[in-house]
């Protein structure tokens, strides 16, 4: 895919930027979730079993199947907790002088919210660095901005406007990958050797691309 500059005078620039952002962040999230699944085979197996039982031999997972995929939705939540697509949310600006935890913050100070740090804070999450989707099965915590311990899309009127589309894309992509294929690491690569380093940028990609071997499932 080639790169081209988006002109500020282009009336469709906002739409083009939003389209780029929603696809870039969604693809990064899908890669991180597949990385965590291949590192945690029991989690992958449970999610895969749920998907295949819900679809029951159909060629692909469709939107109508998603409400049945409770564990898969927990997998996506856990992936977003550990790997928020944009670790630093849209910057805010204080309206007045204030004091937070002993720090004096002046009015008109630009403030960044670190969603990555919040999602891995031991104050809010037990075993905060481990991939455990089960933590969400009996929890009301959601990622739509009502619970400040999980903010991959921000909150309020400056939250991500594409959240519904992004979640739909991510859930369908992961569900279909699990439904249609069994997944393995390339020969000689061990799970514990997978590089989990993050690439610096507005979107949190893996620094080392993920490489998996698909084995089609007979339908």
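Numbering (this note's numbering), first residue to last: 34 to 252.
Note that CB positions come from ideal geometry on N, CA and C, so glycine has one too.
No experiment lies behind these values; they were computed from the predicted model shown.
By alpha-carbon positions, which one of 101, 109, 182 and 178 ends up nearest to residue 189? Proximity to residue 189 across 101, 109, 182 and 178 peaks at 178, based on C-alpha coordinates.
> Where does residue 197 sit, in a helix, a strand or coil, going by DSSP?
Replying inline: When DSSP states are grouped into helix, strand and coil, residue 197 belongs to the helix group.
| request: Below 8 Å CB to CB, which residues in the same chain sit around residue 154 once its five sequence neighbours on both sides are set aside? | output: Leaving aside the five residues that flank residue 154 on each side, the residues in its chain whose CB is nearer than 8 Å to its CB run, in chain order, 161 and 182.
>> Just verifying my parser: in three-state terms, what is the DSSP assignment at residue 158?
In response: Residue 158: coil per DSSP, three-state reduction.
Worksheet entry | Given residue 212 as reference, the closest of 222, 135 and 94 once Cα atoms are compared | Answer by Cα proximity: 94.
Using a Cβ-Cβ cut-off of 6 Å (strictly less than) and excluding sequence neighbours within five positions of residue 120, which residues of its own chain qualify? Only residues of its own chain outside the window of five on either side were considered, and among them 148, 149 and 237 have a CB closer than 6 Å to the CB of residue 120, listed in chain order.
What residues are listed by DSSP as bridge partners for residue 132? Residue 132 is bridged to 137.
task: Using the Cα positions of residue 99 and residue 158, report the straight-line distance between them to the nearest angstrom.
output: Approximately 26 Å, taken between the alpha carbons.
* C-alpha distance - residue 241 paired with residue 229, whole-angstrom precision -> It is roughly 8 Å from the alpha-carbon of residue 241 to the alpha-carbon of residue 229.
Thinking C-beta only, is residue 244 closer than 8 Å to residue 219? With respect to the 8 Å criterion, residue 219 and residue 244 are classified as neighbours on the basis of their beta carbons.
- request: On a CA-only basis, which of 135, 80 and 57 is nearest residue 108? Give me that one, please.
  value: If we check each option's Cα against that of residue 108, 80 comes out closest.
_Beta-carbon contacts of residue 63 that lie in its chain and below 7 Å, excluding the five residues immediately before and after_ = Cβ within range, chain order: 203, 206 and 207.
Under 7 Å Cβ to Cβ from residue 87, same chain only, skipping five residues before and after it: list those, please. Taken in chain order, the residues that qualify are 98, 101 and 102.
Report all residues from its chain with a CB closer than 6 Å to the CB of residue 232; omit the five preceding and five following residues, and keep chain order.
Contacts found: 238 and 240.
**OP:** Would you decide whether residue 156 is buried or exposed? Buried here means 16 or more other CB atoms lie within 10 Å of its CB.
**Re:** Result: exposed.
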